[in-house]
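Student: Provided herewith is a single structure, encoded as structure tokens, for subsequent inquiry.
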Amino acid sequence: MFQEIQQAVETTLRAFCQAEGIPFVAPQWKPIPFAGEWGVSTSFFQMAAEEARAGRGTGKPVPVRAQELAERMRNQLRGLEGVNRVESVKGYLNIYFETGAYARRVVETVLAQGADFGRGAPKGERVMVEYAQPNTHHSFHIGHYRNTILGEVLARLLEFAGYETIRASYPGDIGLGVITVLWMYDKFYKGQEPQEVHARGQWLLKLYVEATALLEKKENETPEETARREQYEAERREMYRRWDAGDPYVRDLWLRTREWSLEELRDILRRMDVKIDVWFFESEVDEPAKAIVEELVQRGIADDERPQGGAVIVRIDEKLGLKQEKYRTNVILRSDGTTLYLTKDLALAKIKFEKYGVDRSIYVVDVRQSLHLQQTFAILRLMGFPQAEKCYHLGYGFVSLPEGAMSARRGRVVLFMDVLEEAVRRVLAVESEKSPEMNEAERRRVAEQIGLGALAYSMLAVDNNRDIVFDMDAALSFEGHTGPYIQNAHVRASSILKKSKVEGQKSDLGLSTFDYELTRHEIELIEQLSRFPQAVEQAANEYRPLVMAAYAYDLANAFHSFYHAVPVIQAGQENVRAARLALVAAAKQVLANALRLLSIEAPEVM
RNA sequence: GCCCCUGUAGCUCAGUGGAUAGAGCGUCGGCCUCCGGAGCCGAAAGCGACAGUUCGAGUCUGUCCAGGGGUACCA
């Protein structure tokens, strides 16, 4: 925020180097890593090393020379506006800002910009984030949740950082798994249907598990069992053939049951406050995918081995002229003429580029599909799409359970709705003792906000590439490094502001001067507030929600410490009270901004 | 075989090549006459191994060791 000071120092430094015949190295400014004061620092090690390399050195060791340079630079810097003092320590030049002016500047900026504080300038680029791709005819489990919260927060970060952002969902609504459920339903459960949205969605998973058991080859089967299993298998294949042929009965059954899944999905997304802009269904890109196969054969990118009874393949490395194996070879059309996941992704990418004008395309997909997506992007390059260079696979580690990997076909999954229900139950247990005055409806609403806050934060506070072993107790903890800890900071800030008004005291938030000796807690809190815009920028640039999650915790931590140690309403002097109230308002604002980016609610009470 | 990811405190995780490697949980010890104790303050405890690059390496490179994932007609 004090760019002009850094500019002035840089100018002086350049002149100094010129006069002394020392190679100029642009300073790399960093915040001074000591609590208690604000400022920026830069080191002179690089400059000393450059000097030695250029043969103009003094023969002294680099650290010694760096300190010497820092000291001489310090002597050049006098009377800088807004600077309290300058020091040279261990090869570093530290420039400390004037406390009152800096504090005022930060707090006023936050309060003036409000919900927009930290927003980046428009980037002039349209980006699509694809996430929330559960298969239909299953139920939404905790792994889908990680995918969805990650994608949503990424979309919010990119949007706030200045990108035009489109949210896309791509449910897998067709495939052998889906057909298996249709077969099971049609054969054993026709006409049945639970009424409640989530019960119905979860029921489909139950059918899938049962069907898998019936269709799986077992040890020591009797001849009758084998015959029955093979009969079932034939029926399932026939079901798939009829779907493919557009048989009205099967199509109707498929659409009706698919809707049960989508109703459940939409309800979960609503609870998560996720608003998808564009829905792509896997079944809808099947025909375009077949067209792409023919196009690739025509253009000589794909090799057609159908005449020999084979498939259509792309020898990606060969076509790219790579000597070493990297993308390998992939099938884009099975020998029976059906498309694959890869083929459909090619068709989908084409639609994203051509129909939606996407410049940058991000795929939030499990890291295990990394090779497939790299292959997709490589073929898009072969097809000549310049946007292929800006396709990015955000791979994240998968969610497993303490007893091992989740398995839908074996029914070994943790459903999101079950976790949410448990979360609400646990929050309510805490709430009833902490906030007995809340009414029933509000209590329930806040419980969901806090429960979801805990769950979301537990997912977001882990870096993308890490696997997560889902532990209910850890995910739903409300103490320490958690979502509720941050929400609680927001609640406390709200509480102070409310009380200050109840007492009829007016604080002119815009004109707080901070013309008193600030405590280290105030300084640390203001430091955190000033860091928010950089945190947004970094999190968006690196596609890492973790950066924002960590920032939000640091800010909340600074606020809690401040809250405990520094009186606000009870501050003795009116100017101190007014300044601190403004600081609390600013902290509340930035906490809310950070939580919003994390897709976590910022409640007034809890 | 080849490719990718991960080894940091007892456990779970942070740590844009820079000053004294940080949190949470757990353990131990403090703090409610005070704006909400879902909180605050403090203690003990750590970079898988070995080389290399660099003024400087938890961070970059290489080789090992250990764990996980992926490797053309699943998604």
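Per the working numbering, the first sequence runs over residues 965 to 1570.
Heads up, the beta-carbon is just placed ideally off N, CA and C, and yes, glycines get one too.
#1: Taking G1088 as the reference, give the member of F1124, R1110, L1114 and A1096 with the closest Cα.
#2: On the CB-based measure, 16 or more other CB atoms within 10 Å of its CB, does R1270 come out buried or exposed?
#3: What do you reckon, are the CB atoms on A1163 and T1144 nearer than 7 Å?
#4: Relative to the C-alpha of A1520, which residue among P1509, L1489, R1541 and S1494 is closest?
#5: Which value, in whole angstroms, describes the spacing of the CA atoms of V1455 and A1566?
#6: Please list the segments of the alpha helix (DSSP H) lying wholly inside the region 1105-1161, counting only runs of 4 or more residues, in order along the chain.
#7: Among T1063, C981, V1433 and R1036, which one has its Cα closest to the Cα of G1361?
#8: What do you get for D1216, buried or exposed, if any count of 16 or more other CB atoms within 10 angstroms of its CB means buried?
#9: Taking just the CA atoms, how far does A1546 sit from S1471?
#10: Quick one, which of V1540, V1278, Y1421 and R1389 has its alpha-carbon nearest R1409's?
#11: What does Y1291 pair with, by DSSP beta-bridge criteria?
#12: On the CB-based measure, 16 or more other CB atoms within 10 Å of its CB, does D1080 come out buried or exposed?
#13: Under a Cβ-count criterion, where at least 16 other Cβ atoms within 10 Å of its own Cβ denotes burial, should E1486 be classed as buried or exposed?
#14: Taking only heavy atoms of the ligand FMN into account, decide whether any of them is closer than 6 Å to the Cβ of V1377.
#15: Given a cut-off of 7 Å on the beta-carbon distance, is the pair Q1333 and Y1291 in contact?
#16: Excluding five sequence neighbours on each side, which residues of the same chain lie with their C-beta closer than 7 Å to the C-beta of F921?
#17: Quick check: L1562 and M1512, are their CB atoms within less than 7 Å of each other?
#18: Looking only at its chain, what residues have a beta carbon closer than 6 Å to the beta carbon of V1377, apart from the 5 residues adjacent to it on each side?
#19: For the beta strand (DSSP E) holding I1315, just list the boundary residues, first then last.
#20: Flag this pair as yes or no: are the beta carbons of T1100 and R1222 separated by less than 7 Å?
#21: Between L1121 and V1091, which are expected to be in contact by the criterion C-beta below 8 Å, what is the C-beta distance as a whole number of angstroms?
#22: Within the chosen definition, does the region 1046-1053 reach the region 1011-1027 through at least 3 CB pairs nearer than 8 Å?
#23: Roughly how many angstroms lie between the CA atoms of Q1031 and E1062, to the nearest whole one?
#24: Tell me whether the beta-carbon of L1057 lies closer than 7 Å to the beta-carbon of T1006.
#25: In whole angstroms, what is the alpha-carbon distance linking Y1327 and C1355?
#26: Which residues in the same chain as Y1320 place their Cβ atom closer than 8 Å to its Cβ, once the five residues preceding and following it in sequence are excluded?
#27: Given a threshold of 16 other Cβ atoms within 10 Å of its Cβ, counted over all protein chains shown, does K1074 qualify as buried or as exposed?
#28: V1426 to A1342, Cα distance in whole Å?
#29: Could you give the residue range of the beta strand (DSSP E) that holds V1391?
#30: Report the CB separation of L1312 from T1303 in whole angstroms; it is logged as a contact under 8 Å.
#31: From the DSSP secondary-structure annotation, give me the bridge partner or partners of G1003.
#32: In terms of residues, what are the limits of the beta strand (DSSP E) holding S1225?
#33: Please classify A990 as buried or exposed, where buried requires at least 16 other C-beta atoms within 10 Å of its C-beta.
#34: Between A1393 and G1415, how many whole angstroms is the CB-CB distance? I'm expecting something under 8 Å.
Tutor: So, from the data block:
#1: Here residue 1088 refers to the residue found at position 124 when the first sequence is read from its first residue. Of F1124, R1110, L1114 and A1096, the residue nearest in Cα terms is F1124.
#2: As a working note, residue 1270 is residue 306 in the first sequence. It is exposed - the Cβ of R1270 has fewer than 16 other Cβ atoms within 10 Å.
#3: Indexing the first sequence from 1 puts residue 1163 at position 199. Indexing the first sequence from 1 puts residue 1144 at position 180. Result no, Cβ atoms of A1163 and T1144 do not sit closer than 7 Å.
#4: Working through the first sequence from its first residue, we reach residue 1520 at position 556. Nearest to A1520 by alpha-carbon distance, out of P1509, L1489, R1541 and S1494, is L1489.
#5: For the purposes of this step, residue 1455 is taken as residue 491 along the first sequence, with counting starting at 1. For the purposes of this step, residue 1566 is taken as residue 602 along the first sequence, with counting starting at 1. Computed Cα separation, rounded: 8 Å.
#6: 1106-1125 and 1140-1148
#7: One-based indexing of the first sequence puts residue 1361 at position 397. Answer by Cα proximity: V1433.
#8: If you number the first sequence from 1, residue 1216 lands on position 252. Burial call: exposed.
#9: As a working note, residue 1471 is residue 507 in the first sequence. As a working note, residue 1546 is residue 582 in the first sequence. Because the pLDDT at S1471 is just 48, under 50, the model does not fix this residue reliably, and the value given afterwards should be weighed accordingly. A straight-line Cα-Cα distance of about 8 Å links S1471 and A1546.
#10: Reading the first sequence from its first residue, position 445 is the one you call residue 1409. It is R1389 whose Cα lies nearest to the Cα of R1409.
#11: Taking the first sequence and counting its residues from 1, one reaches residue 1291 at position 327. None, per the DSSP bridge assignment.
#12: In the first sequence, counting from the first residue as 1, residue 1080 sits at position 116. D1080 is exposed by the Cβ-count criterion.
#13: Looking up residue 1486 in the first sequence gives position 522. So E1486 counts as buried.
#14: The ligand FMN is absent from the structure shown, which contains no ligand whatsoever.
#15: Position 369 of the first sequence, counted from the start, is the residue given in the question as residue 1333. Position 327 of the first sequence, counted from the start, is the residue given in the question as residue 1291. Cβ atoms of Q1333 and Y1291: not closer than 7 Å.
#16: Because the chain spans 965 through 1570 in this model, residue 921 falls outside it and cannot be assessed.
#17: Reading the first sequence from its first residue, position 598 is the one you call residue 1562. Reading the first sequence from its first residue, position 548 is the one you call residue 1512. Result yes, Cβ atoms of L1562 and M1512 sit closer than 7 Å.
#18: By 1-based counting over the first sequence, the position of residue 1377 is 413. If we look at V1377 and ignore the five residues flanking it on each side, its Cβ neighbours are H1105 and M1370.
#19: By 1-based counting over the first sequence, the position of residue 1315 is 351. Where I1315 is concerned, there is no enclosing beta strand (DSSP E), although the alpha helix (DSSP H) it sits in stretches over Y1305 to E1318.
#20: Start at 1 with the first residue of the first sequence, and residue 1100 comes out as number 136. Start at 1 with the first residue of the first sequence, and residue 1222 comes out as number 258. Against a cut-off of 7 Å, the Cβ pair of R1222 and T1100 comes out as a contact.
#21: Sequence index remark: in the first sequence, residue 1121 carries index 157 (1-based). Sequence index remark: in the first sequence, residue 1091 carries index 127 (1-based). With 8 Å as the limit, L1121 and V1091 do not qualify as a contact, their Cβ atoms being about 11 Å apart.
#22: no
#23: Your numbering for residue 1031 matches position 67 in the first sequence. Your numbering for residue 1062 matches position 98 in the first sequence. Between the alpha carbons of Q1031 and E1062 lies a gap of roughly 24 Å.
#24: Working through the first sequence from its first residue, we reach residue 1057 at position 93. Working through the first sequence from its first residue, we reach residue 1006 at position 42. Yes, they are a contact pair.
#25: Here residue 1327 is taken as the residue at index 363 of the first sequence, counted from 1. Here residue 1355 is taken as the residue at index 391 of the first sequence, counted from 1. In a straight line, the C-alpha of Y1327 is about 8 Å away from that of C1355.
#26: For the purposes of this step, residue 1320 is taken as the residue at position 356 of the first sequence. These residues qualify, in order along the chain: R1090, M1092, I1130 and V1242.
#27: For this step, residue 1074 is matched to residue 110 along the first sequence. The sequence given here places Val at residue 1074; Lys does not occur at that position. Per the 10 Å Cβ criterion, buried.
#28: Position 462 of the first sequence, counted from the start, is the residue given in the question as residue 1426. Position 378 of the first sequence, counted from the start, is the residue given in the question as residue 1342. Straight-line Cα distance between these residues: approximately 30 Å.
#29: Reading the first sequence from its first residue, position 427 is the one you call residue 1391. Segment F1380 to K1398 is the alpha helix (DSSP H) holding V1391; no beta strand (DSSP E) there.
#30: Numbered from its first residue, the first sequence carries residue 1312 at position 348. Numbered from its first residue, the first sequence carries residue 1303 at position 339. That belief does not hold up - the Cβ atoms of L1312 and T1303 are roughly 12 Å apart, past 8 Å.
#31: As a working note, residue 1003 is residue 39 in the first sequence. Per DSSP, Y1060.
#32: As a position in the first sequence, residue 1225 is number 261, starting the count at 1. Premise fails: S1225 lies in the alpha helix (DSSP H), P1212 to R1235, not in any beta strand (DSSP E).
#33: Taking the first sequence and counting its residues from 1, the one referred to as residue 990 is at position 26. Label assigned to A990: exposed.
#34: Counting from 1 along the first sequence, the entry for residue 1393 is found at position 429. Counting from 1 along the first sequence, the entry for residue 1415 is found at position 451. With a Cβ gap of about 11 Å, A1393 and G1415 do not count as contacting.
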